[in-house]
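Trainee: My questions will all concern the structure given below.
Residue numbers (the numbering used here): 1282 to 1516.
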């Protein structure tokens, strides 16, 4: 019985992080909210790993996880953006566009899971990574030289994240400790360095940069694949 309950406890923890993040956002405490969303991402990853390890990867768990994800990684980040830049004109519509794309991304993931069509890669940027990138951008921008330009940069960043979520760009699962070869080892090192930077306060700016690299990796893979196909066709 506990094997079925344990993964859902992590999902509940994720939901609590999202709800508490919204509480802090309404108090304009965006830093605490951003790190609660990161913690929610850790718990979201843990519930899936534990469910698969215990052989309890159920339909209920998938649906429950998605409903929680739309709170922690959809509503909360959209609200952070909207509350951070309320006078940027289109901020409400852009925030809703992010939320909509996040919901579509989760729906597609569930549909592929139901049809057993999941492959070795995620199709489109996973919503937890989009949420972490968005919220860390807000925190990072406030503490760096781009702070005075964030209102102009934020809208394109959020729109880009929204589009990448519903794209067909391929993203590596994180972490992937079963990966082999040089590429697999580099991905494992990337994950460990990211976790270290997340934990150590003085390196949290580097954490944002590493998250951005992951976001762009799917775009890079798609561009390289496109040129590779063209070279093959002309050869």
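We put the CB at the ideal spot given by N, CA and C, even for glycine.
These numbers were taken from a predicted model, which means no experiment stands behind them.
Do you know whose CA, among 1465, 1453 and 1387, lies nearest residue 1500's CA?
Mentor: By 1-based counting over the chain shown, the position of residue 1500 is 219. Residue 1453 is the option with its Cα nearest to residue 1500.
Trainee: Contact between the segment 1430 to 1450 and the segment 1382 to 1398 is defined here as three or more beta-carbon pairs at a separation below 8 Å; is this criterion met?
Mentor: yes
Trainee: Considering only C-alpha positions, which residue in the set 1434, 1415 and 1334 is nearest to residue 1442?
Mentor: Sequence index remark: in the chain shown, residue 1442 carries index 161 (1-based). The option with the nearest alpha carbon to residue 1442 is 1415.
Trainee: For residue 1354 and residue 1487, I'd like the C-alpha separation in whole angstroms.
Mentor: Here residue 1354 is taken as the residue at index 73 of the chain shown, counted from 1. Here residue 1487 is taken as the residue at index 206 of the chain shown, counted from 1. Cα to Cα, residue 1354 sits roughly 21 Å from residue 1487.
Trainee: Using only the alpha-carbon positions, how far apart do residue 1365 and residue 1433 sit?
Mentor: Mapped onto the chain shown, residue 1365 falls at position 84. Mapped onto the chain shown, residue 1433 falls at position 152. Rounded to whole angstroms, the separation of the alpha carbons of residue 1433 and residue 1365 is 12 Å.
Trainee: Decide if the segment 1342 to 1358 is in contact with the segment 1284 to 1293; the criterion is three or more beta carbon pairs, one per stretch, under 8 Å apart.
Mentor: Contact between the segment 1342 to 1358 and the segment 1284 to 1293 is present, because at least three Cβ pairs lie under 8 Å.
Trainee: Are the Cβ atoms of residue 1294 and residue 1324 separated by less than 8 Å?
Mentor: Working through the chain shown from its first residue, we reach residue 1294 at position 13. Working through the chain shown from its first residue, we reach residue 1324 at position 43. Cβ atoms of residue 1294 and residue 1324: closer than 8 Å.
Trainee: Please report the residue range of the alpha helix (DSSP H) in which residue 1310 lies.
Mentor: Translated into the one-based positions of the chain shown, residue 1310 becomes position 29. Note, residue 1310: premise wrong, no alpha helix (DSSP H); not H, not E.
Trainee: Residue 1507: buried (16+ other C-beta within 10 angstroms of its C-beta) or exposed?
Mentor: Numbered from 1 along the chain shown, position 226 holds the residue referred to as residue 1507. Of the other Cβ atoms in all chains shown, fewer than 16 fall within 10 Å of the Cβ of residue 1507; this residue is therefore exposed.
Trainee: Tell me the DSSP secondary structure of residue 1404 in three-state form.
Mentor: Numbered from 1 along the chain shown, position 123 holds the residue referred to as residue 1404. It is a strand residue.
Trainee: Going by DSSP in three states, residue 1379 sits in which element: helix, strand or coil?
Mentor: Start at 1 with the first residue of the chain shown, and residue 1379 comes out as number 98. Looking at residue 1379 - three-state DSSP - the assignment turns out to be helix.
Trainee: Between residue 1408 and residue 1387, is the Cβ-Cβ spacing less than 8 Å?
Mentor: What you label residue 1408 is simply residue 127 of the chain shown in a count that begins at 1. What you label residue 1387 is simply residue 106 of the chain shown in a count that begins at 1. Their beta carbons are under 8 Å apart, which means residue 1408 touches residue 1387 by this criterion.
Trainee: For residue 1373, which residues of its own chain have a beta-carbon under 8 Å away from its beta-carbon, when the five flanking residues on both sides are left out?
Mentor: In the chain shown, residue 1373 corresponds to position 92, counting from 1. So the list reads 1363, once near-sequence residues are dropped.
Trainee: Work out the CA separation of residue 1378 and residue 1502 for me, nearest whole Å.
Mentor: Along the chain shown, read from residue 1 onward, the residue named residue 1502 stands at position 221. Along the chain shown, read from residue 1 onward, the residue named residue 1378 stands at position 97. Taking the straight line joining both Cα atoms gives about 25 Å.
Trainee: Across which residues does DSSP place residue 1451 in a beta bridge pair?
Mentor: Looking up residue 1451 in the chain shown gives position 170. Looking at the DSSP assignment, residue 1451 forms a beta bridge with 1404.
Trainee: In three-state terms, what does DSSP make of residue 1339?
Mentor: Position 58 of the chain shown holds residue 1339. If DSSP states are grouped into helix, strand and coil, residue 1339 belongs with coil.
Trainee: Please state the DSSP three-state secondary structure of residue 1370.
Mentor: Position 89 of the chain shown, counting from 1, holds the residue named residue 1370. Looking at residue 1370 - three-state DSSP - the assignment turns out to be coil, as it is neither helix nor strand.
Trainee: How would you call residue 1322, buried or exposed, if buried means at least 16 neighbouring beta carbons within 10 angstroms?
Mentor: Position 41 of the chain shown, counted from the start, is the residue given in the question as residue 1322. Under this definition residue 1322 is a buried residue.
Trainee: For the alpha helix (DSSP H) containing residue 1358, name the first residue and the last one.
Mentor: By 1-based counting over the chain shown, the position of residue 1358 is 77. Residue range 1357 to 1365 is occupied by the alpha helix (DSSP H) that includes residue 1358.
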